[in-house]
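**Student:** Just passing along the structure, written as structure tokens.
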Amino acid sequence: MLTSAARVTKPDPADLLAWYDRHRRDLPWRAGAGEAADPYRVWLSEIMLQQTTVTAVRPFYEAFLKRFPSVAALAEAPADSVMQAWAGLGYYSRARNLHACAKAVVERHGGRFPETEDELLKLPGIGAYTAAAVAAIAFGRRAAAVDGNVERVVSRLFSVEEPLPKARPLIRTLTLDLVPDGRPGDFAQALMDLGATICTPKRPACALCPWMVPCKARAEGLQEAYPKKLRREAGQLRRGAAFVVLRADDSILLRTRPAQGLLGGMAETPTSPWEPGYEPARAVLDAPIEARWQRLPGTVRHVFTHFPLELTVLFAKVPRDTPAPDDMRWTPRRALSGEALPGVMKKVIAHALGGAAPLGKGEKDGTRKGRPGRGPQAS
DNA sequence: GAAACGTGGCG
DNA sequence: TCGCCAAGTTT
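Going left to right, the first sequence walks through residues 27 to 405 as my numbering numbers them.
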């Protein structure tokens with residue numbers, strides 16, 4: 027006995043799948059409609075896509091796959107080359123874990139990825155989301171792959187009042203309840219495509235949504251109010267100095283950061299400590315070698331997830347026979363592209379040597395108080 | 001459970 | 001310019 031007013035429409039997975047069949051995005055790691063997915067490619071793309079946009083991932087994925095075509099090839103590769111292929115993508119622990127995971131798959135699973143969420147979860151770099159995504163997409167298992175898109179879609183669908191991240195368990199339960207027995211992999215990708223193209227953070231295109239009718243938030247006109255979340259306060263600005271040393275043979279001084287922590291295992295020019303109270307005027311005291319230091323005009327700014335950074339760049343030229351201090355090395359300028367340099371260090375080097383450095387991104391947004399983009403003058 | 005962990009794009 | 005956001009995991 028349903029009264030017309032009390033009639034509630036539940037979201038039907040079939041409606042979403044039908045929408046997906048017409049509007050699915052064509053992505054390089056995606057198998058064609060009806061084709062079997064390659065677990066290695068699914069896994070690689072899922073790791074790259076963690077907290078990273080499709081646009082940013084695409085070129086890295088193509089290059090990475092060409093360089094490491096299989097999990098066995100990746101497992102055998104030197105760590106250096108893996109880090110270098112990842113340089114610029116961010117969250118570098120992903121690259122270390124990716125390499126460790128490839129080795130584990132070869133050593134513990136004979137080169138084949140395990141097919142269940144539980145087993146996948148035991149591998150390095152694979153958490154709740156990725157385990158579910160790989161199980162569903164690569165192996166057709168029924169699993170709830172809840173990423174940021176799905177959190178948004180589902181919280182709107184059911185107008186979840188609890189703010190993130192507390193709402194996660196509830197959202198996961200609601201999502202798993204929606205997953206159909208057939209095509210669980212397509213369903214997972216459909217949910218994410220919906221979140222990425224229709225159910226967007228701002229101004230969602232509800233009129234085009236296959237779930238417009240059952241959506242609770244939409245019914246109230248409050249779709250943009252979900253998901254509720256607590257905002258975190260921004261980190262405090264840290265300052266520091268970076269030292270670019272150009273030797274007469276056209277090589278520059280680099281070192282490798284400790285494996286753990288910020289930019290772990292990546293290459294950098296020597297720097298001072300980075301701290302809120304750092305005084306740039308004393309930077310020369312932190313210099314790695316004795317030289318005629320030239321403090322370059324402007325600064326390099328960079329924003330990490332948890333704090334902004336402002337780097338003063340000091341530049342020096344040194345004679346051809348200058349040895350590298352302990353734990354540092356000289357890299358020919360032409361070989362810089364083979365180093366695992368994170369974005370902030372590319373900015374530093376471009377600031378000192380000019381945007382013409384073989385580094386892709388120029389000074390762009392990283393540089394302030396503009397000096398025209400020429401190289402440093404002779405001192 | 002909170003904090004650490006990169007980078008680029010967009011409004 | 002600035003805050004938000006992007007297919008999260010680890011400690």
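Think of the CB as a built atom: it goes at the ideal place given N, C-alpha and C, for glycine as much as any other residue.
#1: Who does residue 278 pair with in a DSSP beta bridge?
#2: So, with DSSP's three-state summary, where would you put residue 343?
#3: Please work out which residues of its chain come closer than 8 Å, Cβ to Cβ, to residue 129, disregarding the five sequence neighbours upstream and downstream, and give them in chain order.
#4: Our contact map puts residue 268 next to residue 295 with C-beta atoms below 8 Å; I'd like the distance itself, whole angstroms only.
#5: With DSSP collapsed to three states, give me the class of residue 177.
#6: How far does the alpha helix (DSSP H) with residue 49 in it extend, from its first residue to its last?
#7: For the alpha helix (DSSP H) holding residue 332, just list the boundary residues, first then last.
#8: Smallest Cα separation from residue 88: which of 99, 103, 111, 104?
#9: Specify whether the segment 215-225 and the segment 170-181 touch according to this definition: at least 3 beta carbon pairs, one from each stretch, less than 8 Å apart.
#10: Among 272, 245, 150, whose alpha-carbon lies nearest the alpha-carbon of residue 345?
#11: Once you ignore the five residues that flank residue 216 on each side, which residues in its own chain have a CB closer than 8 Å to its CB?
#12: Quick check: the Cα distance between residue 284 and residue 355, rounded to an integer number of angstroms?
#13: Just to confirm, are residue 60 and residue 97 a CB contact at a threshold of 8 Å?
#14: How far does the alpha helix (DSSP H) with residue 371 in it reach, from first residue to last?
#15: Contact between the segment 71-91 and the segment 115-123 is defined here as three or more beta-carbon pairs at a separation below 8 Å; is this criterion met?
#16: Taking just the CA atoms, how far does residue 322 sit from residue 127?
#17: Report yes if the C-beta distance between residue 300 and residue 257 is below 8 Å; otherwise report no.
**Tutor:** Result, derived from the coordinates:
#1: Bridge partners of residue 278: 272, 357.
#2: strand
#3: 101.
#4: 5 Å
#5: helix
#6: 39-49
#7: Premise fails: residue 332 is in no alpha helix (DSSP H) and is neither H nor E.
#8: 111
#9: Segments in contact, yes.
#10: 272
#11: 42, 43, 45, 46, 50
#12: One C-alpha to the other measures close to 15 Å.
#13: no
#14: 369-379
#15: yes
#16: If you take the alpha carbons of residue 127 and residue 322, they lie about 43 Å apart.
#17: no
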